[in-house]
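Residue numbers for the sequence shown follow my numbering, so the first one is 1443 and each next one is one higher.
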Amino acid sequence: RQRIFSGIQPTGIMTLGNYLGAIKNWVALQDEYDCVYSVVNMHAITVRQDPKALRENTLAALALVMACGIDPEKSVLFIQSHVKTHAELSWVLSCNTQFGELSRMTQFKDKSAKHPENVNAGLFTYPVLMAADILLYQADLVPVGIDQKQHLELARNIAQRFNGVYGNVFTLPDGYIPKLAAKVMSLQEPTKKMSKSDDNPKAFIGILDKPETIVKKFRSAVTDSEAEVVCREGKDGINNLLAIYSAVTGRDFPAIEAEFAGRGYGDFKTAVGEAVAETLRPVREQFDRYMADKAFLEECYRKGAARAEAISQRTLDKVYKKIGFLAK
Ligand code: TYM
1443 RQRIFSGIQP TGIMTLGNYL GAIKNWVALQ DEYDCVYSVV NMHAITVRQD PKALRENTLA
1503 ALALVMACGI DPEKSVLFIQ SHVKTHAELS WVLSCNTQFG ELSRMTQFKD KSAKHPENVN
1563 AGLFTYPVLM AADILLYQAD LVPVGIDQKQ HLELARNIAQ RFNGVYGNVF TLPDGYIPKL
1623 AAKVMSLQEP TKKMSKSDDN PKAFIGILDK PETIVKKFRS AVTDSEAEVV CREGKDGINN
1683 LLAIYSAVTG RDFPAIEAEF AGRGYGDFKT AVGEAVAETL RPVREQFDRY MADKAFLEEC
1743 YRKGAARAEA ISQRTLDKVY KKIGFLAK
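Below, the structure written as structure tokens:
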């Protein structure tokens, strides 16, 4: 079977973007692939984190991923810092990655412009750690939203170059980017990505938002001054709502456009809000159940770490041998 790897940062609120762009696909791929999923807390510290909040958010992210449908028996689910191979391979790969390559990463440019007070070396080498995550598990496919595409291409380039120098060690990973909702947009500024760090909470839907809140946020979503529910260039708000509605209901655009023909935006926005609220309702309920059973969550992440370590150590051993590190 083919291998899948993906990760999510435990940095507070998870959004509908994380759900539709990534986690929903992680769940769908579980039965057909060997899946490895991680709560990547080592990536999270590239931005200053409050230690207590990071600890809580890490456990909450694990519970949330499980509440979305990741089965820790079927898939390997672990917390990144529990598996030391990630830091170890990351160092080796960083010595095989050029400064110029990392300088071209748009996320680094964006984040360093946003946090000029903390442009740390980890923020710069973040994509190397991400490459290590993926390559340690010999992943064939990496399900992510479109914002991770450039990082993924870098991981592939690093793997290819490494294989060229040292012989075949790494599987070359491909992205698995959904056709719909690969970039869920802000509900308030639909030309911008939906992001949890948006100052305006009406701009994003939290996976754990209450159903009433979700409907309310969709009702106040920014659209345009026309009144036609159709997908067309320039109708960014409506296009975004169409993609969200289609992703949660499984219906295609023509069917949705026909349903709302002549009905105006109010009805449409309410329908999208209700459909999203219904999709997320069981996730929220399941999340509360998991969070009430910390002992079970601990058992899950311990087992997950042991499984992840066993798989990734094999790759790391191979790498150390290839590059000339003397065996213990
Ligand atoms: P992160 O934690 O920012 O986001 C997790 C996943 O959610 C997707 N996503 C979105 N998809 C659609 N629309 C949006 N508005 C939206 N916002 C977020 C992201 O594309 C991602 O798939 N660097 C990664 C974490 C990571 C990783 C990895 C991923 C670390 N190592 C190895 C894959 C493989 C990140 O910051 O994701």
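Idealized CB from N, CA, C, for every residue including glycine. As the structure is a prediction and not an experimental result, all values here were calculated from the model.
Legend entry - Exposure label - Gly-1766; buried when at least 16 CB within 10 Å: Mapped onto the sequence shown, residue 1766 falls at position 324. Exposed is the call here.
Legend entry - 8 Å contact criterion, which Ile-1588 and Lys-1625 should meet: CB distance rounded: Numbered from 1 along the sequence shown, position 146 holds the residue referred to as residue 1588. Numbered from 1 along the sequence shown, position 183 holds the residue referred to as residue 1625. At roughly 5 Å, the Cβ-Cβ gap stays under 8 Å, so Ile-1588 and Lys-1625 are in contact.
Inset, instruction - With a threshold of 7 Å, establish whether the CB of Asp-1589 neighbours any heavy atom of ligand 1. - result: Here residue 1589 refers to the residue found at position 147 when the sequence shown is read from its first residue. Because some heavy atom of ligand 1 lies under 7 Å away, the Cβ of Asp-1589 counts as near it: yes.
Inset, instruction - Per DSSP, which residues does Ile-1521 bridge with? Please list them. - result: Along the sequence shown, read from residue 1 onward, the residue named residue 1521 stands at position 79. According to DSSP, Ile-1521 bridges with Val-1481.
Inset, instruction - Would you check if there are 3 or more beta carbon pairs closer than 8 Å linking the segment 1537-1555 to the segment 1592-1600? - result: yes
Inset, instruction - Report yes if the CB atom of Cys-1742 is closer than 8 Å to the CB atom of Pro-1514, and no otherwise. - result: For the purposes of this step, residue 1742 is identified with residue 300 of the sequence shown, where counting begins at 1. For the purposes of this step, residue 1514 is identified with residue 72 of the sequence shown, where counting begins at 1. Yes, they are a contact pair.
Inset, instruction - Determine which residues share a DSSP beta bridge with Val-1584 and list them. - result: Taking the first residue of the sequence shown as position 1, residue 1584 is located at position 142. Under DSSP, Val-1584 shares a beta bridge with Gly-1617.
Legend entry - Lys-1516, DSSP secondary structure in three states: Against the sequence shown, residue 1516 aligns to sequence position 74. In the structure shown, Lys-1516 sits in coil (DSSP, three-state: anything other than H, G, I, E or B).
Legend entry - Reference Gln-1549, options Cys-1537, Pro-1558, Pro-1569 and Leu-1531, closest by Cα: Residue mapping note: residue 1549 aligns to position 107 of the sequence shown, counting from 1. For the residues Cys-1537, Pro-1558, Pro-1569 and Leu-1531, the minimum Cα distance to Gln-1549 belongs to Pro-1569.
Inset, instruction - Ignore the nearest five residues each way along the sequence and tell me which others in Asn-1605's own chain have a CB closer than 7 Å to its CB. - result: The residue labelled residue 1605 in the question sits at position 163 within the sequence shown. Excluding positions up to five away in sequence, the list reads Val-1611 and Phe-1612.
Inset, instruction - Return yes when the C-beta of Ala-1624 is under 7 Å from any heavy atom of ligand 1, and no when it is not. - result: Taking the first residue of the sequence shown as position 1, residue 1624 is located at position 182. Yes, since a heavy atom of ligand 1 falls inside the 7 Å radius drawn around the Cβ of Ala-1624.
Legend entry - For Arg-1445: DSSP bridge partner residues: Reading the sequence shown from its first residue, position 3 is the one you call residue 1445. Asp-1476.
Inset, instruction - Tell me whether the beta-carbon of Leu-1578 lies closer than 8 Å to the beta-carbon of Thr-1757. - result: Translated into positions along the sequence shown, residue 1578 becomes position 136. Translated into positions along the sequence shown, residue 1757 becomes position 315. It is a contact, given that the beta carbons lie within the stated cut-off.
Inset, instruction - Return yes when the Cβ of Thr-1453 is within less than 8 Å of the Cβ of Ile-1647, no when it is not. - result: Locating residue 1647 in the sequence shown gives position 205, where the first residue counts as 1. Locating residue 1453 in the sequence shown gives position 11, where the first residue counts as 1. Against a cut-off of 8 Å, the Cβ pair of Thr-1453 and Ile-1647 comes out as no contact.
Inset, instruction - Along the alpha helix (DSSP H) that carries Asn-1562, what are the first and last residues, could you check? - result: If you number the sequence shown from 1, residue 1562 lands on position 120. Here Asn-1562 belongs to no alpha helix (DSSP H), and DSSP marks it neither H nor E.
Legend entry - Three-state secondary structure assigned by DSSP to Met-1425: Outside the shown range of the chain (1443 to 1770) lies residue 1425, about which nothing can therefore be said.
Inset, instruction - Work out the CA separation of Thr-1633 and Gly-1692 for me, nearest whole Å. - result: Working through the sequence shown from its first residue, we reach residue 1692 at position 250. Working through the sequence shown from its first residue, we reach residue 1633 at position 191. If you take the alpha carbons of Gly-1692 and Thr-1633, they lie about 24 Å apart.
Legend entry - Residues that DSSP places opposite Ile-1450 in a beta bridge: In the sequence shown, the residue the question calls residue 1450 occupies position 8. According to DSSP, which records beta bridges pairwise, Ile-1450 is partnered with Val-1481.
Inset, instruction - For Gln-1451, verify whether its CB is less than 7 Å away from any heavy atom of ligand 1. - result: For the purposes of this step, residue 1451 is taken as residue 9 along the sequence shown, with counting starting at 1. Indeed, a heavy atom of ligand 1 lies less than 7 Å from the Cβ.
Legend entry - Closer than 7 Å: Gly-1706 CB and nearest ligand 1 heavy atom: As a working mapping, residue 1706 is identified with position 264 in the sequence shown. No, ligand 1 has no heavy atom inside 7 Å of this Cβ.
Inset, instruction - Kindly give me the distance between the Cβ atoms of Val-1664 and Gln-1630, rounded to whole angstroms, as I take these residues to be in contact under 8 Å. - result: Taking the first residue of the sequence shown as position 1, residue 1664 is located at position 222. Taking the first residue of the sequence shown as position 1, residue 1630 is located at position 188. So it is a contact: roughly 5 Å between Cβ atoms.
Legend entry - Inter-stretch contact (C-beta, 8 Å, three-pair minimum) for the segment 1473-1487 and the segment 1705-1725: No, the segment 1473-1487 is not in contact with the segment 1705-1725.
Inset, instruction - Using a threshold of 8 Å, state whether the C-beta atoms of Gly-1617 and Ala-1669 are closer than that. - result: Position 175 of the sequence shown, counting from 1, holds the residue named residue 1617. Position 227 of the sequence shown, counting from 1, holds the residue named residue 1669. No, the pair does not count as a contact, with Cβ atoms beyond the cut-off.
Inset, instruction - Spatial neighbours of Phe-1520 within its chain, please: CB distance less than 7 Å, with the 5 preceding and 5 following residues excluded, ordered by chain position. - result: In the sequence shown, the residue the question calls residue 1520 occupies position 78. Answer for Phe-1520: Ser-1480, Tyr-1743, Gly-1746, Ala-1747 and Ala-1750, listed in chain order.
Inset, instruction - Could you round the C-beta distance between Asp-1678 and Met-1636 to whole angstroms and report it? I think they count as a contact, below 8 Å. - result: For this step, residue 1678 is matched to residue 236 along the sequence shown. For this step, residue 1636 is matched to residue 194 along the sequence shown. No, Asp-1678 and Met-1636 are not in contact; Cβ-Cβ is about 12 Å, not under 8 Å.
Inset, instruction - Tell whether a beta-carbon distance below 8 Å holds between Ile-1455 and Lys-1736. - result: Residue 1455 sits at position 13 when you count from the first residue of the sequence shown. Residue 1736 sits at position 294 when you count from the first residue of the sequence shown. No, the pair does not count as a contact, with Cβ atoms beyond the cut-off.
Inset, instruction - Say yes only if the C-beta of Phe-1447 is nearer than 7 Å to one or more non-hydrogen atoms of ligand 1, and no if none qualify. - result: The residue labelled residue 1447 in the question sits at position 5 within the sequence shown. Flag set: Cβ of Phe-1447 near ligand 1.
Inset, instruction - Pair every Cβ in the segment 1529-1541 with every Cβ in the segment 1459-1469, then say whether three or more of these pairs are closer than 8 Å. - result: no
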